[in-house]
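Count the sequence shown with numbering that gives the first Met the number 0 and you get residues 0 to 331, in order. Glycine included, C-beta positions come from ideal geometry on N, C-alpha and C. Only a predicted model underlies this, so the values are computations on that prediction, with no experimental measurement involved. Here is the structure we will look at, set down as structure tokens.
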Amino acid sequence: MPDAVAILDFGSQYTQLIARRIREMQVYCEIFPWDAPKDKILQLNPKAFILSGGPASVYEENAPTLQDFVIQSGSPILGICYGMHILAHHLGGQVTSSDAREYGLAEVEALGDNALFPASSMTVWMSHGDRTERLPQGFASLATSGNSPICAMADAARRYYAVQFHPEVRHTKLGRQLLENFIFKICNLKAEWTAENIIEQSVEAIRKQVGDRHVISAVSGGVDSSVATALVHRAIGDQLSAVFVDTGMLRKNEVQQVETAFAKHIGLKLITVHGSDDYFTALQGVTEPEQKRKIIGGMFIHFFEEEAQRMGNPEFLVQGTIYPDVVESSAP
Numbered sequence: 000m001p002d003a004v005a006i007l008d009f010g011s012q013y014t015q016l017i018a019r020r021i022r023e024m025q026v027y028c029e030i031f032p033w034d035a036p037k038d039k040i041l042q043l044n045p046k047a048f049i050l051s052g053g054p055a056s057v058y059e060e061n062a063p064t065l066q067d068f069v070i071q072s073g074s075p076i077l078g079i080c081y082g083m084h085i086l087a088h089h090l091g092g093q094v095t096s097s098d099a100r101e102y103g104l105a106e107v108e109a110l111g112d113n114a115l116f117p118a119s120s121m122t123v124w125m126s127h128g129d130r131t132e133r134l135p136q137g138f139a140s141l142a143t144s145g146n147s148p149i150c151a152m153a154d155a156a157r158r159y160y161a162v163q164f165h166p167e168v169r170h171t172k173l174g175r176q177l178l179e180n181f182i183f184k185i186c187n188l189k190a191e192w193t194a195e196n197i198i199e200q201s202v203e204a205i206r207k208q209v210g211d212r213h214v215i216s217a218v219s220g221g222v223d224s225s226v227a228t229a230l231v232h233r234a235i236g237d238q239l240s241a242v243f244v245d246t247g248m249l250r251k252n253e254v255q256q257v258e259t260a261f262a263k264h265i266g267l268k269l270i271t272v273h274g275s276d277d278y279f280t281a282l283q284g285v286t287e288p289e290q291k292r293k294i295i296g297g298m299f300i301h302f303f304e305e306e307a308q309r310m311g312n313p314e315f316l317v318q319g320t321i322y323p324d325v326v327e328s329s330a331p
């Protein structure tokens, strides 16, 4: 498993951007709700934590809190906006409401050399109504702005860093450099989350889970199911059976193109079910889109289950779920 970062989400609109920036560095990360179970987060074996921004105020009743195990882990921490406030609050500092809310571009002045960003002025993106008024014990102020006397802080000995602004958005000119400094210089993580390593680790995990058992895959001809099927086939070869249902709704000659692509590039002969006549009969006279969707999905399941029964009902199903599916299905 490559080095990993746990991003704790406190409700920021930019949390997905934080993850994207870290992954662009070829470092693996996962997003967890701030109150996710400790065991679930630690399964990742994170080498660092990033605390996102959020709309709450730490001094309000029922505001999101920082779980103790994050501090107890001894791992480096980067707090962003609310993440800075919650880190300061949790460790004994003071956060108060700011006299003026600050949204948009702002100039920040570094107070000296530090490991996170250069000792110079920076244009950054602010989005906050609170500010850190008193530093926790062991922390030093790293930068100041017109509206935030403490707009960055650090306890370098424990590798705790925090910024009031948002380095993950492109408006913060040195934001990428700041994040890279945290990941590579402060945390000493390695850029190992590459396509080659992902394939190698996935193949190993599939072989370990499946063993010598039979697997079935549903192929639509699209990217998601095709990539998932190709990956599983690389891992277990002929233990995989791939079913391709011809609904009659693909483009001209596309069925043959999909079959040829799988045979030529993957070395896998698809089991093609020609169901176009049945689909057209079932859809005849139907005009309501949602009803069409249900008919198409229901018939696909019917054909797929028939093939699975002929194979003796394989124990494993390959599902081409991608990251946006997970994000959309897990969002509140």
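Can you tell me the Cβ-Cβ gap for residue i and residue j, rounded? I've got them flagged as a contact below 8 Å.
| i | j | result |
| --- | --- | --- |
| residue 243 | residue 271 | 5 Å |
| residue 9 | residue 33 | 5 Å |
| residue 317 | residue 216 | 4 Å |
| residue 333 | residue 188 | The structure shown does not extend to residue 333, since the chain is modelled only from 0 to 331, so the question has no answer here. |
| residue 139 | residue 180 | Actually they do not touch by this definition, with Cβ atoms about 17 Å apart. |
| residue 161 | residue 65 | About 12 Å; that fails the 8 Å criterion. |
| residue 164 | residue 192 | The Cβ separation is near 26 Å, so there is no contact. |
| residue 100 | residue 128 | 4 Å |
At what residues does the beta strand (DSSP E) containing residue i begin and finish?
| i | result |
| --- | --- |
| residue 209 | Taken as a continuous stretch (DSSP letters only), residue 209 belongs to no beta strand (DSSP E), being part of the alpha helix (DSSP H) at 194–209. |
| residue 154 | 151–154 |
| residue 115 | First-last for residue 115: undefined, no H or E at that position. |
| residue 243 | 239–245 |
| residue 260 | First-last for residue 260: 253–260, but that is the alpha helix (DSSP H), not the beta strand (DSSP E). |
Which word fits residue i, buried or exposed, when buried means at least 16 other C-beta atoms lie within 10 angstroms of its C-beta?
| i | result |
| --- | --- |
| residue 83 | buried |
| residue 13 | buried |
| residue 52 | buried |
| residue 169 | exposed |
| residue 130 | buried |
| residue 98 | exposed |
| residue 322 | exposed |
| residue 159 | buried |
| residue 292 | exposed |
| residue 41 | exposed |
| residue 309 | exposed |
| residue 259 | exposed |
| residue 36 | exposed |
| residue 7 | buried |
| residue 148 | exposed |
| residue 126 | buried |
| residue 116 | buried |
| residue 58 | exposed |
| residue 288 | exposed |
| residue 231 | buried |
Going by DSSP, what residue range makes up the alpha helix (DSSP H) through residue i?
| i | result |
| --- | --- |
| residue 147 | That residue, residue 147, is in no alpha helix (DSSP H); it is neither H nor E in DSSP. |
| residue 232 | 222–235 |
| residue 175 | 174–179 |
| residue 134 | Unbroken run through residue 134: none, as it is neither H nor E. |
Does at least one heavy atom of the ligand GTP sit under 6 Å from the Cβ of residue i?
| i | result |
| --- | --- |
| residue 44 | The ligand GTP is not part of this structure, which contains no ligands at all. |
For the region 139–157 against the region 103–115, are there 3 or more C-beta pairs whose distance is under 8 Å?
-> Yes: the two stretches touch, three or more of their Cβ pairs being nearer than 8 Å.
Three-pair Cβ contact test at 8 Å for the region 70–78 versus the region 39–52 = yes
Quick one: which unbroken alpha helix (DSSP H) runs of 4-plus residues sit fully inside the region 48–88? Chain order, please.
-> 67–71
4-residue-minimum alpha helix (DSSP H) runs that sit fully inside the region 0–34, ordered along the chain = 14–23
Inter-stretch contact at 8 Å, needing at least 3 Cβ pairs: the region 201–215 / the region 245–254 | no
Segments of 3+ residues assigned as beta strand (DSSP E) that fall wholly inside the region 268–311 | Runs found: 270–273.
Determine, using beta-carbon pairs with one atom in the region 226–243 and one in the region 260–277, whether at least three such pairs fall under 8 Å.
-> yes
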